[in-house]
Structures are given as structure tokens and as C-alpha cells.
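J.:
2 protein chains.
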Amino acid sequence: MLTLYSFGPGANSLKPTLTLYEKGLAFEHRLLDPSKFEHHSDWYKAINPRGQVPALDDGGRIVTESTVICEYLEDAHPTEVKLRPDDPWDRAQMRVWTKWVDEYFCWCVSTIGWHRGVRHMAQALSEEEFEAHLKNIPIPEQQVKWRRAREGFPQDLLDEEMRRIGVSVRRLDDHLADHEWLAGSAYSLADICNFAIANGMEKGFADLVNKDDTPHLVRWIMEINARPKVREMFAKVPREHLGPPKAA
Amino acid sequence: MLTLYSFGPGANSLKPTLTLYEKGLAFEHRLLDPSKFEHHSDWYKAINPRGQVPALDDGGRIVTESTVICEYLEDAHPTEVKLRPDDPWDRAQMRVWTKWVDEYFCWCVSTIGWHRGVRHMAQALSEEEFEAHLKNIPIPEQQVKWRRAREGFPQDLLDEEMRRIGVSVRRLDDHLADHEWLAGSAYSLADICNFAIANGMEKGFADLVNKDDTPHLVRWIMEINARPKVREMFAKVPREHLGPPKAA
Numbered sequence: 001m002l003t004l005y006s007f008g009p010g011a012n013s014l015k016p017t018l019t020l021y022e023k024g025l026a027f028e029h030r031l032l033d034p035s036k037f038e039h040h041s042d043w044y045k046a047i048n049p050r051g052q053v054p055a056l057d058d059g060g061r062i063v064t065e066s067t068v069i070c071e072y073l074e075d076a077h078p079t080e081v082k083l084r085p086d087d088p089w090d091r092a093q094m095r096v097w098t099k100w101v102d103e104y105f106c107w108c109v110s111t112i113g114w115h116r117g118v119r120h121m122a123q124a125l126s127e128e129e130f131e132a133h134l135k136n137i138p139i140p141e142q143q144v145k146w147r148r149a150r151e152g153f154p155q156d157l158l159d160e161e162m163r164r165i166g167v168s169v170r171r172l173d174d175h176l177a178d179h180e181w182l183a184g185s186a187y188s189l190a191d192i193c194n195f196a197i198a199n200g201m202e203k204g205f206a207d208l209v210n211k212d213d214t215p216h217l218v219r220w221i222m223e224i225n226a227r228p229k230v231r232e233m234f235a236k237v238p239r240e241h242l243g244p245p246k247a248a
Numbered sequence: 249m250l251t252l253y254s255f256g257p258g259a260n261s262l263k264p265t266l267t268l269y270e271k272g273l274a275f276e277h278r279l280l281d282p283s284k285f286e287h288h289s290d291w292y293k294a295i296n297p298r299g300q301v302p303a304l305d306d307g308g309r310i311v312t313e314s315t316v317i318c319e320y321l322e323d324a325h326p327t328e329v330k331l332r333p334d335d336p337w338d339r340a341q342m343r344v345w346t347k348w349v350d351e352y353f354c355w356c357v358s359t360i361g362w363h364r365g366v367r368h369m370a371q372a373l374s375e376e377e378f379e380a381h382l383k384n385i386p387i388p389e390q391q392v393k394w395r396r397a398r399e400g401f402p403q404d405l406l407d408e409e410m411r412r413i414g415v416s417v418r419r420l421d422d423h424l425a426d427h428e429w430l431a432g433s434a435y436s437l438a439d440i441c442n443f444a445i446a447n448g449m450e451k452g453f454a455d456l457v458n459k460d461d462t463p464h465l466v467r468w469i470m471e472i473n474a475r476p477k478v479r480e481m482f483a484k485v486p487r488e489h490l491g492p493p494k495a496a
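The listed protein sequences derive, respectively, from chains B and F. The working numbering puts the first residue of the first sequence at 1, with every later residue one more than the last. The working numbering puts the first residue of the second sequence at 249, with every later residue one more than the last.
The following block contains the structure:
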């Protein structure tokens, strides 16, 4: 029995969610509500002491770290749908791409996402509520990130993160200019893990990701969105809205 | 034909070097001299455009990123020596540990290593030499790191990195208190990749890593150093000295 604990289908939570859908594996989906800080609750920290989603429960054994979960699903639950290239060199390229997402691409996009979304959640709390909440966050670096989000990220950090996003989308577009997929000749975890971050950037980062400046990246995002399992996932799994409070 | 381009057996360069030795694979070892900035030379950037070691040439196909190279060697060149657990869950734990090295443990140790070693190299250059050299470094973030090394890292950064090193060695010692190896029941890439960073910390970080405070970590470092292939590697592959100039 597989149970996935995650937020809605975006960022790191999208990676194992889409992997499970693509592979056609049955699983129970326990969606946590980030606006209620459910990932920092005691019941969830009993599953993942780091208080981070996603986590996979496979018959009582917990697997954490989104990219690790994706490879685990390939190792432990092989199906006809293979999301890793067979050729070792292509597989290495897949891992270079998934590693790059985890070490570079996801972080710059994350800061801007926090600036636009989490900041409002953090600022909506009273000083007492906020400090009480911080105590529930087990990773010191995450506590710092919450504090910075509430205070407002410094402009030079936001500028640097935007520079890195520019570098990232350029790198993706350049590669996709003469490759249909990121690693090898077929759709793989490299595509899923990068799509997890890149999807929606045509709207959220429209001056960087658009048909004129990054036509190949936009083509690839559209192609992935058109896949039957991707459509099924987005139809079934609701996305959160973490932006500023909507006007009444 | 396998050719490994690397520095001597420490940090990221140690990972694939030791993996090749442990697996008993024949390879040509092209050692680059960091004090001559060979990794930023044009001939090497033709192999790895990012100007980083290690890189593996397998019959003309280049694999980069130390952890990716290690898994590639298991995929492409299986031998009787298996450095990944067979059990998928144990293998996932191995990947959590190698990922943690790449995203956390290696960076805090690296900053202190740069503070103690690379700083002296950078400061020994004239302003003109230094600026000319910076132009050869292809990764902007690495340029920034070189500049900070020359200027001297700010004390609050050094303090934070030392805090993270403390967290890291505590985490390793706690796990090794009731596990012989980091992932599963046997020596694996999790051990090799962590050893790459932890080896020598009994000397370089003696007030954090010692028989009183981290007995299990010290036991594990000694056990790995006693392995025949580790001894063979250290006997054959010279280590660099990047510290301050030695007194005459």
C-alpha cells in the first residue's frame, strides 16, 4: 500500500505525484494544507521529522526527498511505464538534470514564490502566533527563511534570484532547442522534475518565459501539459492558492 | 577506456576515485593541479565547460558531477563489488545520504576549507593576475566565491558554516551509533561520498570530531581508512597541500 503525503501538484510535491500517475500506480493521496502549516504538525513530523513534504509511505517504510522518491518508485515498483533511460549515459544525464533542479533551479524560483505567497501567510500572523509557529519548524534554515519572508526578502537577494531564474530558463531553452526531452530520447524523471518547477512560468515569469524568448521551453511545457496522465493529475488534485488575500 | 579527471583524493574528487578503486576498474587518472588553476584552463573546459572536477571520460562520453559519476559506474560498469544496496528502500536511504552531502555537508566544510587554503592562493595573486584569472571561471557563483575568498569570508558566514559542520558531524555520529554503515547493511556510495568530506576532520576539526564527542564517526572513518582499496588509493594518488605557504 502506497500513501503519498504532499501539497498540491506544484514544485517538489508535483514530482512524486506525477511519477505515480504516469506509472499508473494506485496510491492513497494525503494532501496537507500549507496554509494550516500541517507539515509542521506533530502528526506529520512523526512521519517526516524534518517537517517537509513530500513523503511516501510504502507499507510502513517512509521515503523522503522528492527526487529520491521518484527513483525509489522506479526501483521498487517497476511498471510498463519507464521513467529512467536504459542507457547508463542517458541515465547519468537524467541525474545531472534532477540534481540541478534540487541544487539550483528550485531554490531561485522558491524564493520568488515565497516572496509572492508565503510572505503574505507569514505577515498575516500576529507576532505571538508567528513566534509560536516558528518553534514547530524543525530545520533551522527553514526558520530563517520564514523569518526573512515575514520581514520581506532584501531586494538584492530578490534581484540575484531573478538573475538565476534567467540563467535557468535560458539553460532549459537552449537544451530543448535541439532535444525533444531533457535526457535521452524519451520523457523521463528529468522532465518531470524540471516541469515541477517550470510549469506555470509562462504566467508567473512572463517576461522571461514566453514564445519569443524561450520558444522551446514553452513548447516542452505545453507538450507535458497535454499528456493524458498530466491532465488527469491536474483534474483530480487541487492546487493551492498561496498568494495575497483575494479582493472581496 | 575510462579516464578520470580529478584533483587528489579529497572532497568531490575522492568520490569517483575511490569508487573506481573499490570496484577494481582499470582507468587512466589525469590529475589536475588546483594551484595552477588547471580546471579553468581551455583544454579542461573543452571536457567540462563548467570548469569543475571531477569528470569521467568513458570512451568519449563525458560524465560530470561526482555523485552522478559514482552511480554511473555502477550502472555502466558492474563488477563483483556492488556499492549500491539491492533493496530499494536501502538504496533510497543511500541517495538521501549522498544528496545531503551535496546539498549541505560539503558546502559548510568547503567554505572553511577555502578560508584555510584557497584564500592563500587567491591572496598570493596580484590584482591583475586575480582579475585575469576570474575571467576564466565559467560559473558566476564560483567567481563570487573566489572574490570572497580573496577578500576574506565574513566572520558571521564562517560562524554559520561552523554551526552547520557541528550539525553535520552530530547527524553522522548519531546514525553511526547504531549502524555500522550509513545505508543498509553494507559499505556503499553513501559511505564513500560522506567519507570524501569527513576524512581528516579528526585533524582539521579536532574539537568537533574526536573520540570523546563523536566516537562512532571516528570509528567509521578509521574503518574506511583501513580498507585495502582505500589504502591503495592513498598510497598511489598524491594529495595536494593548499594551506598557507610553509615556513622555510
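Think of the CB as a built atom: it goes at the ideal place given N, C-alpha and C, for glycine as much as any other residue.
Quick one: using the 10 Å Cβ neighbour count with 16 as the cut-off for buried, is F/A496 buried or exposed?
T.: Interpretation of F/A496 is limited by its pLDDT of 45, a score under 50 that renders its predicted location unreliable; no figure is taken from the coordinates.
J.: Report yes if the CB atom of B/N12 is closer than 8 Å to the CB atom of B/A196, and no otherwise.
T.: Result yes, Cβ atoms of B/N12 and B/A196 sit closer than 8 Å.
J.: Counting contacts by CB-CB distance shorter than 8 Å, is F/A340 in contact with chain B?
T.: For F/A340, the answer is yes, since a Cβ of chain B falls inside 8 Å of its Cβ.
J.: So, are the CB atoms of B/L83 and B/L20 less than 8 Å apart?
T.: No, the pair does not count as a contact, with Cβ atoms beyond the cut-off.
J.: In chain order, which continuous runs of the alpha helix (DSSP H) of length 4 or greater are located wholly inside the region 134 to 202 of chain B?
T.: As far as the region 134 to 202 of chain B is concerned, its whole alpha helix (DSSP H) runs of at least 4 residues are 140 to 151, 155 to 177 and 189 to 198.
J.: F/Y320 versus chain A: which residues are under 7 Å apart at the beta carbon?
T.: Judged by its chain identifiers, the structure shown contains no chain A, and its protein chains are B and F.
J.: Taking a Cβ distance cut-off of 9 Å, strictly less, list which residues of the region 11 to 28 of chain B are near chain F, in chain order.
T.: Against chain F - using a Cβ distance shorter than 9 Å - the region 11 to 28 of chain B contributes no residues.
J.: Identify which residue in B/E202, B/G113, B/N194 and B/L18 has its Cα closest to the Cα of B/F27.
T.: When only C-alpha atoms are compared, the closest one is B/L18.
J.: Report the three-state DSSP secondary structure of B/S126 (helix, strand or coil).
T.: It is coil, neither helix nor strand.
J.: Does any residue of chain F have a CB that is nearer than 8 Å to the CB of B/T64?
T.: True, the Cβ-Cβ gap to chain F drops below 8 Å.
J.: Taking DSSP as the reference, what is the three-state secondary structure of F/L456?
T.: Three-state DSSP puts F/L456 in coil, outside helix and strand.
J.: Going along the chain, which unbroken runs of the beta strand (DSSP E) with 3 or more residues stay wholly within the region 283 to 308 of chain F?
T.: As far as the region 283 to 308 of chain F is concerned, its whole beta strand (DSSP E) runs of at least 3 residues are 303 to 306.
J.: Distance, Cα to Cα, F/V457 vs B/L182?
T.: Approximately 42 Å, taken between the alpha carbons.
J.: Can you name the residues that DSSP bridges to F/V311?
T.: DSSP lists F/L304 as partners of F/V311.
J.: Could you check whether the Cβ of B/A186 sits closer than 8 Å to any Cβ belonging to chain F?
T.: Answer no: the Cβ-Cβ gap between B/A186 and chain F never drops below 8 Å.
J.: Considering Cα atoms alone, identify which of B/T98, B/H133 and B/Y187 is closest to B/S168.
T.: The option with the nearest alpha carbon to B/S168 is B/T98.
J.: Please state the DSSP three-state secondary structure of F/R332.
T.: Correct three-state label for F/R332: coil.
J.: With 16 as the cutoff for other CB atoms within 10 Å, does B/H241 come out buried or exposed?
T.: Under this definition B/H241 is an exposed residue.
J.: Thinking C-beta only, is F/P333 closer than 8 Å to F/M342?
T.: Cβ atoms of F/M342 and F/P333: closer than 8 Å.
J.: Quick one: measure Cβ to Cβ for F/E270 and F/K477, integer angstroms, because I've assumed they're closer than 8 Å.
T.: Rounded, the Cβ-Cβ distance is 5 Å, consistent with contact.
J.: Beta carbons nearer than 8 Å to chain F: which residues of the region 93 to 109 of chain B have them?
T.: Listed by position along the chain: R95, V96, K99, D102 and E103.
J.: Please check the pair F/R364 and F/R398, which I expect to be a contact at CB under 8 Å, by giving their CB distance rounded to whole angstroms.
T.: Their Cβ separation, rounded to whole angstroms, is 14 Å, which puts F/R364 and F/R398 out of contact at 8 Å.
J.: Note down, in chain order, each residue of its chain lying with its Cβ closer than 8 Å to the Cβ of F/G258, except the 5 sequence neighbours on either side.
T.: Correct list, in chain order: A444, N447, G448, R487 and E488.
J.: Taking the DSSP output, what are the residues bridged to F/E322?
T.: None, per the DSSP bridge assignment.
J.: What does F/D323 touch in chain B if you count any residue whose Cβ is under 8 Å from its own?
T.: Under the 8 Å cutoff, chain B gives P88, R91 and A92.
J.: Just to make sure I have the definition right: I need the residues of chain F whose C-beta is within less than 7 Å of the C-beta of B/V68. Which are they?
T.: By Cβ distance, chain F contributes A340, R343, V344 and K347.
J.: What number of angstroms, rounded off, separates the C-alpha of F/W291 from the C-alpha of B/L56?
T.: Going by the C-alpha atoms only, they are around 45 Å apart.
J.: Please identify the residue among F/A380, F/R467 and F/P402 whose C-alpha is closest to the C-alpha of F/L420.
T.: If we check each option's Cα against that of F/L420, F/R467 comes out closest.
J.: Measuring only the C-alpha atoms, how far is F/H427 from B/E65?
T.: Each residue's alpha carbon lies about 21 Å from the other.
J.: For chain F, check one thing: does any of its Cβ atoms lie closer than 8 Å to the Cβ of B/R61?
T.: Judged by the 8 Å Cβ criterion, B/R61 is in contact with chain F.
J.: Return helix, strand or coil for F/L250, following the three-state DSSP convention.
T.: Here F/L250 sits in strand by DSSP.
J.: Report buried or exposed for F/V349, applying the criterion of at least 16 other Cβ atoms within 10 angstroms of its Cβ.
T.: Answer is buried; the Cβ neighbour count reaches 16.
J.: Do F/S283 and F/M410 have their C-beta atoms within less than 8 Å of each other?
T.: No, these two residues do not count as a Cβ contact at 8 Å.
J.: Check F/H368 in the structure and name its three-state DSSP category.
T.: Three-state result, F/H368: helix.
J.: Would you decide whether B/L32 is buried or exposed? Buried here means 16 or more other CB atoms lie within 10 Å of its CB.
T.: B/L32 is buried by the Cβ-count criterion.
J.: In whole angstroms, what is the alpha-carbon distance linking F/F285 and F/G256?
T.: Each residue's Cα considered, the two are about 14 Å apart.
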